[in-house]
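Take any residue in the sequence shown, count from 1 to its spot, add 88: that is its number in our numbering.
Beta carbons are placed, not taken as given, at the ideal position from N, Cα and C, and that holds for glycine.
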Amino acid sequence: MTSEAEHEMYGRMPVWRLFLKCSIPGMISGLVWAFCSIMDGIFVGNYLGSDSLAAVNLAWPIMTVFMAVSDMVAAGSSVRISMHLGNGDTDSARRVFTGSVKLIVAISVGFLLIGVLLGEPIVHAMGARGEVADMASQYIAVFSLFAPVGLLFFATDNYLRICGAVNLSMWINMGVAVLNVVLLAVLIGWLGCGTWASAFATGFSVALGSVVALIPFIRRRFVLRFVGGWMDLHTTRRVLYNGTSTFFNSVSGSLFGIIANAVLLTVAGNNGVAAYGIIMYINSVMFSLFFGMDSAMQPAISYNHGSGDGRRVRSLFVVMSIASAVIGVAVAALCILADGPLTRLFLGDNSPAVADMASHGLTVFALTYLLSWVAVNINQTLAATDLPAHALSIGVMSQLIVPAAFLVPMSSMGVDGVWWSMVVASVGSAVFSAAMLFLGVRKGIFGFHRPSETEMQSS
């Protein structure tokens, strides 16, 4: 099979074999990035202290908003590209690919200016003051310097998978993550640099990863390659519309993070924010399994939706759900049984009060993994089958509205109320997501219908 035809495996390979071929590299990629996030927390927490950990936790939701816009274009264009390939329209797929890369670069230049010029006012608006605020704004400014190239990384990763280069995508992710950790060790562990070094390590690593990932497309190795011109306005709107669920998933999660930090500052001070940050570091590892698997399966689902094979889409969804349920039980058990060792990785013996608070919080938060995968699976499936409005509603409800609705009143119970609110929210989000899936099934996502080119352009 030539490199240009590798994407055809999405419509031909047996479902379980396809799932394993795509999901394992996807989960490995997610794990190495989560490991990188963990190492970032370990270096910052152990070498720079809990205030630096709180500063990074305050800055990261802002960075997530920046990355969410890039992800919106990447995810929206990936759905359109995969559907075009499934429908046999290679020319349209290449136009969307080229236009999306240009659009991400243009938007990222704006983020550079925002991060450098407005980072400090943004942090102060979040309620941070003193040295923690200074470190957080510095983190935002340094990371933003790499935005025009670095934010392309998340798009090129999607495009490699669309072309069937799932293993190449995995190796690039692993290389970037290893470089990030090496830079952390040199800058923070050896040279003793401040919080800004964490932002530099991440920003420089993903920027270099973007350059490496673009080389195969520039050399025209895959079915996707750069062509002349820009996307027309209608196609641009469709790409952005298809990516809205991904954008609001990230933004909603970031907004909830801001709300949770503000509540924890009131309930438990900087220690509460630091403990929440530790739990979110661990969560990034555990949840990377779900996100890595689902994002890796998006090209397969969109490709088969574009070709009209709804039964194959249903089979892929069932396999994803079975695997997610098994992973959810295993992850919850791990967090409950190893809560102490996991949380103490970040602070050692430097801040026992924070470590104890995080350890207890993790045992409660672990219960969310039993059901939180439901919203992720359904969200990704609906987005990949060209139902962005349904996916958007799941993202906003599960990442922001439902968690915030329980967080605010249950915080009156103290820190325990904050942790338990997240467990209750996972149940409510799963129920709402199941209702959205039912609506998607009624719209025919699991039926047989091959969309015409006219439908593809007007949808």
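Within the same chain, M524 come within 7 Å of S481 by CB-CB distance, once the 5 residues on both sides are set aside. By the neighbour-count criterion, in which a residue is buried when 16 or more other Cβ atoms sit within 10 angstroms of its Cβ, I116 is buried. Taking C-alpha positions only, M408 is separated from V511 by approximately 22 Å. In this structure L248 is buried. Its beta-carbon is surrounded by 16 or more other beta-carbon atoms within 10 angstroms.
For F375, the enclosing alpha helix (DSSP H) begins and ends at T332 to S395. Counted as a single uninterrupted DSSP element, the alpha helix (DSSP H) harbouring A142 occupies residues S138 to G174.
Two segments are said to touch when three or more pairs of C-beta atoms, one from each, lie closer than 8 Å; by this definition the segment 198-213 touches the segment 223-239. When C-alpha distances from S509 are compared across P497, V519, F520 and A518, the shortest belongs to P497.
Bounds of any alpha helix (DSSP H) do not take in S439, whose DSSP letter is neither H nor E. Under the three-state reduction of DSSP output, G252 falls in the coil class, being neither helix nor strand. Per DSSP, E219 is one residue of the alpha helix (DSSP H) stretching across G218 to S232. C-alpha of A273 to C-alpha of G137: approximately 15 Å in a straight line.
In the displayed model, G291 falls within a helix according to three-state DSSP. By the beta-carbon neighbour count (other beta carbons within 10 angstroms, threshold 16), H478 is buried.
For G428, the three-state secondary structure derived from DSSP is helix. In the structure shown, I415 adopts helical secondary structure according to DSSP, grouped into three states. Between V197 and Y329, the alpha-carbon positions lie close to 22 Å from each other. For L240, the secondary structure class from DSSP, reduced to helix, strand or coil, is coil.
The beta carbons of R399 and F526 sit no closer together than 8 Å. Ranked by Cα distance from W259, the options S340, D222, W121 and G133 are led by W121.
The alpha-carbon of A443 is positioned some 51 Å away from that of R183. The C-beta distance from A518 to V452 rounds to 17 Å, too long to meet the 8 Å contact threshold.
Taking C-beta separations shorter than 8 Å and ignoring five residues to either side along the sequence, the partners of T473 in its chain run I389, S390, H393, V401, G528 and I533, following chain order. Rounded to the nearest whole angstrom, the C-alpha separation of L271 and A522 is 43 Å.
Listed in chain order, the alpha helix (DSSP H) elements of length 4 or more contained wholly in the segment 252-278 are 254-272.
Contact between V373 and F123 holds: their C-beta atoms lie close to 7 Å from each other, under 8 Å. With respect to the C-alpha of V327, the residue from G99, A471 and V153 having the closest C-alpha is A471.
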